[in-house]
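K.L.:
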Ligand code: NAD
């Protein structure tokens with residue numbers, strides 16, 4: 044063990060590159076895109092030091108061109124999951140006892156690899172596999188991923204240095220032990236950075252991990268694994284398995300050594316996992332830590348004092364960037380009648396100006412939704428809206444899956460504030476609006492608070508400070524991330540710790556020390572320097 048209290052580099056947020064015409068970063072990412080589009084990758088399971096090719100494979104296809112195949116990935120059977128658990132536990136002693144600065148160096152190196160040599164690749168993989176346009180790929184797969192790694196290293200040192208008081212004769216020390224057992228990370232398709240952070244944050248704190256990426260994120264998951272390997276992450280610390288989510292999860296939940304679950308995805312899946320862990324609780328060595336960031340039905344409310352252009356821009360970006368497939372996407376909005384004519388006209392003009400197509404063409408703001416299941420679900424809601432009497436579709440409403448899963452950005456106006464698309468998470472480019480009477484501001488705030496089971500993000504637009512204060516108080520429990528005069532998406536690590544409560548998750552705030560604390564089990568060590576040698580206290584002298 045080295046001797047010294049080491050400082051880590053001060054975390055700074057990775058600057059977002061512009062990808063302007065003729066910029067070197069644009070050329071680099073398009074070259075990587077074209078190479079990866081032609082290459083056929085073959086993604087194995089990563090268990091301990093082995094790369095396992097089971098032969099039972101599934102194709103990887105870009106959502107914007109679903110007949111094109113860019114590779115395959117191998118599916119695990121139950122025996123592979125059992126092997127992954129055994130390998131993780133075998134790797135545990137060495138990894139958990141490694142000095143923290145060695146772990147920090149691995150993840151800081153990974154951040155620099157993404158910032159430099161891997162930037163074009165991880166962005167191109169995210170564009171191809173998840174259909175993000177270049178800007179959405181850059182802020183996620185490059186910048187947010189880097190920020191998670193740099194900031195988490197800093198937060199780790201803050202946690203370690205948080206120590207209890209001592210006196211001259213008693214020294215108290217808190218040791219931040221990794222959890223006893225292994226952590227299971229289950230990740231969604233929509234953010235490459237989240238997919239990487241869920242296993243990495245637990246591993247950084249000294250845990251061993253089994254990571255199950257989403258079937259729709261395997262292409263960029265492969266690059267994440269390559270980066271961690273090149274950064275020197277030892278074999279067996281993060282074991283990666285693909286395949287049937289139920290078989291994998293059930294096998295893992297059966298293990299006595301399950302010490303934590305780090306989940307991001309939909310609410311019903313998380314609740315099922317929680318219930319299964321609950322019914323197995325007598326079996327575990329320790330209480331598993333359960334951390335889950337789940338769905339949202341995120342609101343935008345405009346006060347009559349709001350600036351129309353700001354409201355419209357917040358709605359357009361908030362609702363339609365990455366085709367509305369952000370947990371934080373604006374999907375229900377409340378507009379006062381006095382602003383409605385102007386807001387409506389500008390929304391229609393803006394949506395009609397958007398181009399839709401492959402992310403390889405940088406002129407496209409909108410690309411495809413993630414898969415056929417999502418496309419079919421969204422098309423069904425649009426079809427139903429076309430039939431319902433209390434609904435008007437003011438723009439969009441068309442869809443086509445002949446080449447890719449393309450859904451036009453669609454805006455629905457309803458006279459029923461409890462219409463199904465005001466309450467249900469759709470996870471696509473559909474925004475539903477309710478127009479309220481200007482004198483119903485207070486009642487509208489109550490409506491927003493009570494309409495949905497979720498409480499992830501929300502935005503208030505107003506120039507009136509009293510109205511801002513009123514809404515901030517009235518919506519205290521309606522969002523874990525509240526925005527004033529800004530869109531409800533785009534949280535930045537180290538600046539807006541992210542997460543929501545109610546059905547939106549355990550609110551353990553990814554990208555903050557609060558999250559990392561869930562992956563340690565502190566041990567207090569009290570040492571007495573002059574130890575008593577007689578049991579009698581002075582008061583017994585009477
Ligand atoms: P999803 O729930 O379909 O999948 C998430 C992960 O769970 C995947 O790895 C999937 O394979 C796995 N899974 C699916 N069914 C399972 C089962 N029965 N048992 C165990 N695992 C199972 O979610 P998605 O479509 O990948 O992502 C979209 C969802 O994620 C949305 O609801 C969105 O709001 C949410 N999300 C939330 C946040 C947040 O921070 N709150 C961030 C991103 C995404």
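Numbering (this note's numbering), first residue to last: 44 to 585. Even for Gly, the Cβ is constructed at its ideal location relative to N, Cα and C.
1) Per DSSP, what kind of secondary structure is residue 351 in: helix, strand or coil?
2) Leaving aside the five residues before and after residue 172 along the sequence, list all residues of the same chain whose C-beta is less than 6 Å from its C-beta, in chain order.
3) List the DSSP bridge partners of residue 251.
4) DSSP puts residue 443 in a beta bridge; with which residues?
5) By the 10 Å Cβ neighbour count, where 16 or more other Cβ atoms means buried, how is residue 170 classified, buried or exposed?
6) Taking three-plus beta-carbon pairs below 8 Å as touching, is the segment 526 to 534 in contact with the segment 495 to 504?
7) In three-state terms, what does DSSP make of residue 665?
8) Should residue 331 and residue 301 be called a contact, given that it needs their Cβ atoms to be closer than 8 Å?
9) Label residue 472 either buried or exposed according to how many other C-beta atoms from any shown protein chain fall within 10 Å of its C-beta, with 16 as the threshold for buried.
10) Between which two residues does the beta strand (DSSP E) harbouring residue 500 extend?
11) Are the Cβ atoms of residue 537 and residue 523 separated by less than 8 Å?
12) Do you know offhand how far residue 81's Cα is from residue 320's?
13) Pairing CB atoms from the segment 76 to 91 with CB atoms from the segment 113 to 130, are three or more of them under 8 Å?
14) Closer than 8 Å is the cut-off here; do at least three beta carbon pairs connect the segment 327 to 344 with the segment 547 to 566?
15) Please report how far the alpha carbon of residue 185 lies from the alpha carbon of residue 68, in whole angstroms.
16) Identify whether residue 367 lies in helix, strand or coil by the three-state DSSP scheme.
17) State yes or no: is the C-beta of residue 255 nearer than 7 Å to some heavy atom of the ligand NAD?
18) Hey, out of 396, 410 and 134, whose CA is closest to residue 277's CA?
19) If we require 3 or more residues per run, which beta strand (DSSP E) segments fall completely within the segment 232 to 312?
20) Count the other CB atoms within 10 Å of the CB of residue 349; is the residue buried (16 or more) or exposed (fewer)?
21) DSSP state of residue 360, grouped into three classes?
22) Using the beta-carbon count (16 or more within 10 Å), is residue 561 buried or exposed?
23) Who does residue 332 pair with in a DSSP beta bridge?
24) Quick check on DSSP: helix, strand or coil for residue 401?
25) Give a yes or no on whether the C-beta atoms belonging to residue 365 and residue 175 are separated by under 8 Å.
26) In the structure shown, what three-state DSSP assignment does residue 579 receive?
27) Please state the DSSP three-state secondary structure of residue 49.
28) Report the CB separation of residue 188 from residue 235 in whole angstroms; it is logged as a contact under 8 Å.
29) Run through the DSSP bridge pairs and tell me what residue 541 is partnered with.
30) Looking at residue 195 and residue 141, is the spacing between their C-beta atoms short of 8 Å?
31) Would residue 250 and residue 91 be called neighbours here (beta carbons separated by less than 8 Å)?
32) Nearest to residue 351 by alpha carbon, out of 144, 557, 393 and 554?
33) State the Cα-Cα distance for the pair residue 445 and residue 103, rounded to the nearest angstrom.
34) With respect to 7 Å, is the separation between the Cβ of residue 470 and the closest non-hydrogen atom of the ligand NAD below this value?
35) Would you kindly report the start and end of the unbroken beta strand (DSSP E) that includes residue 377?
36) Return yes when at least one heavy atom of the ligand NAD lies under 7 Å from the C-beta of residue 195, else no.
P.N.:
Let me lay it out:
1) helix
2) 262 and 263
3) In the DSSP output, where bridge partners are listed per residue, residue 251 has 225.
4) 449
5) buried
6) yes
7) Any property of residue 665 remains undetermined from this structure, which presents the chain solely from 44 to 585.
8) A distance below 8 Å separates the beta carbons of residue 331 and residue 301.
9) buried
10) 500 to 504
11) no
12) Going from the Cα of residue 81 to the Cα of residue 320 covers about 43 Å.
13) yes
14) Contact holds: three or more Cβ-Cβ distances are below 8 Å.
15) Computed Cα separation, rounded: 12 Å.
16) helix
17) yes
18) A check of alpha carbon separations from residue 277 across 396, 410 and 134 identifies 134 as the nearest.
19) 251 to 255, 281 to 283 and 301 to 307
20) buried
21) helix
22) buried
23) 303
24) coil
25) yes
26) The answer is coil: DSSP assigns residue 579 none of H, G, I, E or B.
27) coil
28) Between residue 188 and residue 235, the beta carbon gap of about 6 Å places them in contact (Cβ cut-off 8 Å).
29) Per DSSP, the beta bridge partners of residue 541 are 553.
30) No, they are not a contact pair.
31) Taking 8 Å as the Cβ cut-off, residue 250 and residue 91 do not qualify as a contacting pair.
32) Closest in alpha carbon position to residue 351, among 144, 557, 393 and 554, is 393.
33) Distance between the alpha carbons of residue 445 and residue 103 is about 17 Å.
34) The ligand NAD approaches residue 470 closely enough that one of its heavy atoms is under 7 Å from the residue's Cβ.
35) Here the beta strand (DSSP E) through residue 377 covers 373 to 379.
36) no
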